Amino acid sequence: MLSASDWSSIWLTFKLASLTTLILLLIGTPLAWHLAHTRRWWKAPLSAVVALPIVLPPTVLGFYLLITLGPKGPIGQLTHSLGLGTLPFTFSGLLVASVFYSLPFVVQPIQNAFEALDMRLLEASRTLRAKPMDTFFSVVVPLARPGFLTACILGFAHTVGEFGVVLMIGGNIPDKTRVVSVQIYDHVESMEYAQAHWLAGGMVVFSFIVLLLMYTLNRGIRMSKI
Amino acid sequence: MSNTPHDNLHARFQLAFSGFQLETDLQLPGSGVTALFGHSGSGKTTLLRCIAGLQRPDSGFLQVRGQVWQDSAQGVFLPTHQRPLGYVFQEASLFPHLSARKNMDYGRKRAVQAANDAELAAIVDMLGIGHLLDKIPAQLSGGERQRVGIARALALKPQVLLMDEPLAALDLKRKQEILPFLEHLHRELDIPILYVTHSPQEVTQLADHLVVLEAGRVVASGALAEVLTRLDSPMAQGKEASSVLQVKVWDHEPEFHLSHVGFAGGVISLPYQQATAVGTPLRLRIDARDVSLTLQQPAQTSILNVLPASITGMAQPVAGQVMVRLNLGGVPLLAHITQKSASVMGLRVGMAVFAQIKATAIV
Numbered sequence: 001m002l003s004a005s006d007w008s009s010i011w012l013t014f015k016l017a018s019l020t021t022l023i024l025l026l027i028g029t030p031l032a033w034h035l036a037h038t039r040r041w042w043k044a045p046l047s048a049v050v051a052l053p054i055v056l057p058p059t060v061l062g063f064y065l066l067i068t069l070g071p072k073g074p075i076g077q078l079t080h081s082l083g084l085g086t087l088p089f090t091f092s093g094l095l096v097a098s099v100f101y102s103l104p105f106v107v108q109p110i111q112n113a114f115e116a117l118d119m120r121l122l123e124a125s126r127t128l129r130a131k132p133m134d135t136f137f138s139v140v141v142p143l144a145r146p147g148f149l150t151a152c153i154l155g156f157a158h159t160v161g162e163f164g165v166v167l168m169i170g171g172n173i174p175d176k177t178r179v180v181s182v183q184i185y186d187h188v189e190s191m192e193y194a195q196a197h198w199l200a201g202g203m204v205v206f207s208f209i210v211l212l213l214m215y216t217l218n219r220g221i222r223m224s225k226i
Numbered sequence: 001m002s003n004t005p006h007d008n009l010h011a012r013f014q015l016a017f018s019g020f021q022l023e024t025d026l027q028l029p030g031s032g033v034t035a036l037f038g039h040s041g042s043g044k045t046t047l048l049r050c051i052a053g054l055q056r057p058d059s060g061f062l063q064v065r066g067q068v069w070q071d072s073a074q075g076v077f078l079p080t081h082q083r084p085l086g087y088v089f090q091e092a093s094l095f096p097h098l099s100a101r102k103n104m105d106y107g108r109k110r111a112v113q114a115a116n117d118a119e120l121a122a123i124v125d126m127l128g129i130g131h132l133l134d135k136i137p138a139q140l141s142g143g144e145r146q147r148v149g150i151a152r153a154l155a156l157k158p159q160v161l162l163m164d165e166p167l168a169a170l171d172l173k174r175k176q177e178i179l180p181f182l183e184h185l186h187r188e189l190d191i192p193i194l195y196v197t198h199s200p201q202e203v204t205q206l207a208d209h210l211v212v213l214e215a216g217r218v219v220a221s222g223a224l225a226e227v228l229t230r231l232d233s234p235m236a237q238g239k240e241a242s243s244v245l246q247v248k249v250w251d252h253e254p255e256f257h258l259s260h261v262g263f264a265g266g267v268i269s270l271p272y273q274q275a276t277a278v279g280t281p282l283r284l285r286i287d288a289r290d291v292s293l294t295l296q297q298p299a300q301t302s303i304l305n306v307l308p309a310s311i312t313g314m315a316q317p318v319a320g321q322v323m324v325r326l327n328l329g330g331v332p333l334l335a336h337i338t339q340k341s342a343s344v345m346g347l348r349v350g351m352a353v354f355a356q357i358k359a360t361a362i363v
């Protein structure tokens, strides 16, 4: 069965994925809104930058983050001078890396939902006395709900599934950066196949349930609209 | 700026985007229906959007019932959500995730002085949507959606109601279904309604005041009967030209299946209006090509409606055709005749003639 360190890795993974998803919703939503509506020249380059983690090997992303966040990198020097130390090989560093790594999986579904919105509805709500933020929460969010739901699930699940970036920037520190995927790797390295099975099998079941949930819920939402 | 008590809405806008320029300076009445008429690209919808604050003109001044909503010279611009208006969109634009009732409550909850429950019930009743309140927009027909959209705007108790081609997206049957409600609205409300349309029929049916736009400029503005019959107005050109008369039912003659209606210019016979009581006001549309002229009052004619008139203007919209503007006791009427008739009869401005009206339509 699962050992204490297995449970610790599961808890750490859960914490990392939840915080990453939360932060991504906060940054990703305005970013998605901007990408959905801007007609400026930077739309294409910005979209490409956001999508980079989809195509890049995680090691590449992890490598550059390691350099930027490290003691000699610009961000590293900044965090150091602020008395925060450097981020690599800490939970915070892992969190920053996860946010970058899962960014497109949160931004793109929300952006698609925003682009599909009938803009006249936003004008209608303005003529019905709603302030911009009011319009956003009373019209945009309910109508873009399937997009937000997909974004949450993909952002969470993708963070749970990361490995390369974790190794590069988080290392393998128990209770701090040793997430489930790394724990499985360790088990396999030390030939503890039974332990590996429990975690790996758990991951398969978890991922399946999450995706099943997403497809079922989104189908339900679409059905209820008709 | 002259601000007589009648000038309850003053809209001056200047706006330019690629290939289009809007330049208006309008004084509009503070009650009744003002139709903003024009072909697509004339700027009528842009004008309405400027009044709503949905579009920000390069410079502009807007005063509604004594309140300045916008004055670019003073840097005043009320955002749309602070303007006490109601807006009806071409495609209803109901919130798809809310029931008809919640769509109406959306604005009511947010407006400072919205309709209370009893007033809302009256609005729902007037638009005949009581049985639809718990349905979501996807379950409603186009006409029903538009009625809910109108109710949603009225529930705000707006100081001005802006309607952007509310019937344009509907088929003829649905239009006929909604028009009576709009006429009802017209009679019941004492707020000004600005009604954008490209349909001459809707204009003659609903408007009291008509603004004609062409390429972003106002080419005519005034009382409906006046503007419709102004010889330089685009609506007085060609086959579509018509006049509108406000009349009252005088009496009925059931044995001949006729009703008689009166106005300042005389009495007109209509097909029997059995259901309409004596004294009821009606609006008649008379197409210019259904009016012919004679110099002497005909002693015996099958045409019942022959009224004395004087010629106040003549124009030649196309070769071979003459548009004659008549005055019947102060009421203008257009007659569309051939150039040959005009020449043979020696018609000229100031002459007294008799107008023979072949057909009328109650609108």
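Chains as they are written, first to last, in the UniProt record's numbering: chain A, 1 to 226; chain B, 1 to 363.
We put the CB at the ideal spot given by N, CA and C, even for glycine.
All of these numbers come straight from a predicted model, not from anything done at the bench.
Using a Cβ distance threshold of 8 Å, determine whether the region 232-247 of chain B contacts the region 60-74 of chain B, with at least three qualifying pairs required.
no
Within 10 angstroms of the Cβ of Y215 (chain A), are there 16 or more other Cβ atoms? Answer buried if so, exposed if not.
exposed
Would you say T177 (chain A) and V166 (chain A) are within 8 Å of each other, going by their C-beta atoms?
yes
Assess contact between the region 184-202 of chain A and the region 32-41 of chain A, defined as three or more Cβ pairs (one per stretch) separated by less than 8 Å. Is contact present?
no
Check whether the region 22-37 of chain B and the region 203-213 of chain B touch, using three or more Cβ-Cβ pairs below 8 Å as the test.
Yes, they touch.
On a Cα-Cα basis, can you pick out the residue from B:F95, B:Q27, B:A52 and B:V306 that is closest to S221 (chain B)?
For S221 (chain B), the nearest C-alpha among the options comes from B:Q27.
Are the beta-carbon atoms belonging to L62 (chain B) and A16 (chain B) less than 8 Å from one another?
no
Contact between the region 131-141 of chain B and the region 93-108 of chain B is defined here as three or more beta-carbon pairs at a separation below 8 Å; is this criterion met?
yes
Taking A111 (chain B) as the query, report the chain A residues whose CB atoms sit under 9 Å from its CB, ordered along the chain.
Going along chain A in sequence order, the residues near A111 (chain B) (Cβ under 9 Å) are L128 and R129.
Cα separation between V182 (chain A) and F148 (chain A)?
29 Å
Classify residue 365 (chain B) as buried or exposed, calling it buried when 16 or more other Cβ atoms lie within 10 Å of its own Cβ.
There is simply no residue 365 (chain B) to check, as chain B begins at 1 and stops at 363 in what is shown.
Output, in chain order, the set of chain B residues within a Cβ distance shorter than 7 Å of L26 (chain A).
What L26 (chain A) touches in chain B: nothing, since even the nearest Cβ is about 23 Å away.
Using only the alpha-carbon positions, how far apart do H184 (chain B) and S138 (chain A) sit?
32 Å
Which of the residues in the region 185-196 of chain B, read from start to end, lie with their CB under 8 Å from any CB of chain A?
none
Once DSSP output is grouped into helix, strand and coil, what is the label at V318 (chain B)?
coil
Would you mind reading off the limits of the beta strand (DSSP E) that contains R283 (chain B)?
From DSSP, the beta strand (DSSP E) with R283 (chain B) extends over P281 to D287.
Applying a beta-carbon distance threshold of less than 7 Å, which residues of chain B neighbour P88 (chain A)?
Chain B residues near P88 (chain A): none, gap ~45 Å exceeds 7 Å.
Count the other C-beta atoms from every protein chain shown that fall within 10 angstroms of the C-beta of R83 (chain B), then say buried if there are 16 or more, exposed otherwise.
Its Cβ being crowded by 16 or more others within 10 Å, R83 (chain B) is buried.
Whether or not the region 2-22 of chain A and the region 76-85 of chain A are in contact is what I'm after, with contact meaning three or more pairs of Cβ atoms, one per stretch, closer than 8 Å; do they touch?
no
For chain A, find out if any of its Cβ atoms is closer than 8 Å to the Cβ of T360 (chain B); answer yes or no.
no
Tell me where the alpha helix (DSSP H) around T20 (chain A) begins and ends.
For T20 (chain A), the enclosing alpha helix (DSSP H) has its first and last residue at A4 to H37.
Do the region 126-134 of chain A and the region 67-81 of chain B make contact, defined as three or more Cβ pairs closer than 8 Å?
Touching, yes.
Grab me the residues of V203 (chain B)'s own chain with a C-beta within less than 7 Å of its C-beta, minus the 5 sequence neighbours each way, in chain order.
A35, F37, T197 and L210
Using the beta-carbon count (16 or more within 10 Å), is T280 (chain B) buried or exposed?
exposed
Can you list, in chain order, the residues of its chain whose CB lies under 8 Å from that of V50 (chain A), leaving out five sequence neighbours each side?
L31, L35, L103, P104, V107 and Q108, listed in sequence order.
Looking only at its own chain, which residues have a Cβ that is under 6 Å from the Cβ of M223 (chain A), when we skip the five neighbours before and after it?
Annotation note: pLDDT 46 at M223 (chain A) (below 50); position unreliable, no value reported.
Which residues in chain A sit within 7 Å of G107 (chain B), going by Cβ to Cβ distance?
Contact of G107 (chain B) with chain A by beta-carbon distance below 7 Å involves L128 and R129.
V112 (chain B) and A151 (chain B) look like a contact to me (Cβ under 8 Å); what is the Cβ gap, rounded to whole Å?
Not really, about 19 Å apart at Cβ, beyond 8 Å.
Using the Cβ count rule (16 or more neighbours within 10 Å means buried), how would you classify Y101 (chain A)?
Label assigned to Y101 (chain A): buried.
Exposed or buried, S98 (chain A), counting other C-beta atoms within 10 Å across all chains shown (16 or more means buried)?
buried
Could you work out which residues of chain A lie near H97 (chain B), taking near to mean beta carbons separated by less than 7 Å?
P142 and L143
Only counting runs of 4 or more residues, tell me where the alpha helix (DSSP H) segments fall wholly within the region 173-241 of chain B, in order along the chain.
200-206 and 224-229
What do you reckon, are the CB atoms on Q356 (chain B) and I311 (chain B) nearer than 8 Å?
Taking 8 Å as the Cβ cut-off, Q356 (chain B) and I311 (chain B) do not qualify as a contacting pair.
Which of the three DSSP states is assigned to I303 (chain B) in this structure?
Here I303 (chain B) sits in coil by DSSP.
Since R39 (chain A) meets chain B, which of its residues come closer than 7 Å, beta carbon to beta carbon?
Per Cβ cutoff of 7 Å: no residues; R39 (chain A) is ~14 Å from chain B at best.
Can you name the residues of chain B whose CB is closer than 7 Å to the CB of E123 (chain A)?
L54
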